[in-house]
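All residue numbers for the sequence shown refer to the numbering used here, where the first residue is 9 and numbers rise by one. Ideal Cβ placement from N, Cα and C applies to all residues, glycine included.
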Amino acid sequence: MDLKKYESKRDFTQTSEPSGTRGKKHESQSRFVVQKHDASHLHYDFRLEIDGVLRSWAVPKGIPLEPGVKRLAVKTEDHPSDYINFEGTIPEGHYGAGTVEIWDSGTFKLIDYNMKKLEFYLNGRKLSGIYILINTGDNNWLIFKK
Ligand code: MN
9 MDLKKYESKR
19 DFTQTSEPSG
29 TRGKKHESQS
39 RFVVQKHDAS
49 HLHYDFRLEI
59 DGVLRSWAVP
69 KGIPLEPGVK
79 RLAVKTEDHP
89 SDYINFEGTI
99 PEGHYGAGTV
109 EIWDSGTFKL
119 IDYNMKKLEF
129 YLNGRKLSGI
139 YILINTGDNN
149 WLIFKK
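Right, dumping it as structure tokens:
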């Protein structure tokens, strides 16, 4: 896990986004967040805290609430753990310019994972149940509720 890509895209003198301290590894409660990001294209950033960073996917149509609905999820760079609480405005002219608000948050439990597939139980305010993320090639993944 490496935050260099995250850091290289941002000027922390200009944006209020966190500058990248890492969380503790092996926290007993793993956290997730879904941030509604109204940027050049509205999307939902889905982030799972794993090994002290937030593994992240951009989900254009949002995470499905019902089983059977598959949504595209594009893998994006790992984010620092403290990004999990970020809400606010990223200024014009900067990477991801627009507004970020927390759409859902909670804890999750990994059931099974490898490089191509993650299965996990989400316990959030809106999202709950078993979800699967499957890699379909390059940075493209699908997310759906089991
Ligand atoms: Mn985003």
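Legend entry - Status (buried if at least 16 other CB within 10 Å, exposed otherwise) for P88: buried
Inset, instruction - Return helix, strand or coil for D86, following the three-state DSSP convention. - result: strand
Legend entry - G70 versus K117 - alpha carbon distance: 20 angstroms
Inset, instruction - Could you check the C-alpha separation between R39 and N93 for me, to the nearest Å? - result: 11 angstroms
Inset, instruction - Report, in whole angstroms, the separation of the C-beta atoms of E109 and E100, which I expect to be a contact under 8 angstroms. - result: Incorrect: roughly 18 angstroms between the Cβ atoms, too far for contact.
Legend entry - heavy atom of the ligand MN below 6 angstroms from D53 C-beta: yes
Inset, instruction - Give the single residue among T84, S27, D112 and D120 whose Cα lies nearest to the Cα of S136. - result: D112
Legend entry - Backbone CA spacing between H34 and D59 [nearest angstrom]: With a pLDDT of only 49 at H34, under the threshold of 50, the placement of this residue in the model should not be trusted, and no figure is reported.
Inset, instruction - Please name the residue or residues paired with Y129 in a DSSP beta bridge. - result: K117 and I138
Inset, instruction - Could you tell me if the beta carbon of H45 falls within a distance shorter than 6 angstroms of some heavy atom in the ligand MN? - result: Short note on H45: C-beta closer than 6 angstroms to some heavy atom of the ligand MN.
Legend entry - Length of the line joining the Cα atoms of E74 and R55: 19 angstroms
Legend entry - Beta-carbon spacing of Y121, L130 below 7 angstroms: Cβ atoms of Y121 and L130: not closer than 7 angstroms.
Legend entry - Buried versus exposed call for F20 [16 or more other C-beta atoms within 10 Å across all chains shown]: exposed
Inset, instruction - Return yes when the C-beta of S104 is under 6 angstroms from any heavy atom of the ligand MN, and no when it is not. - result: It is Gly, not Ser, that sits at residue 104 in the sequence shown. G104 Cβ: within cutoff of the ligand MN.
Legend entry - Other residues of its chain near R133: CB distance less than 8 angstroms, five sequence neighbours each side excluded: D112, S113 and G114
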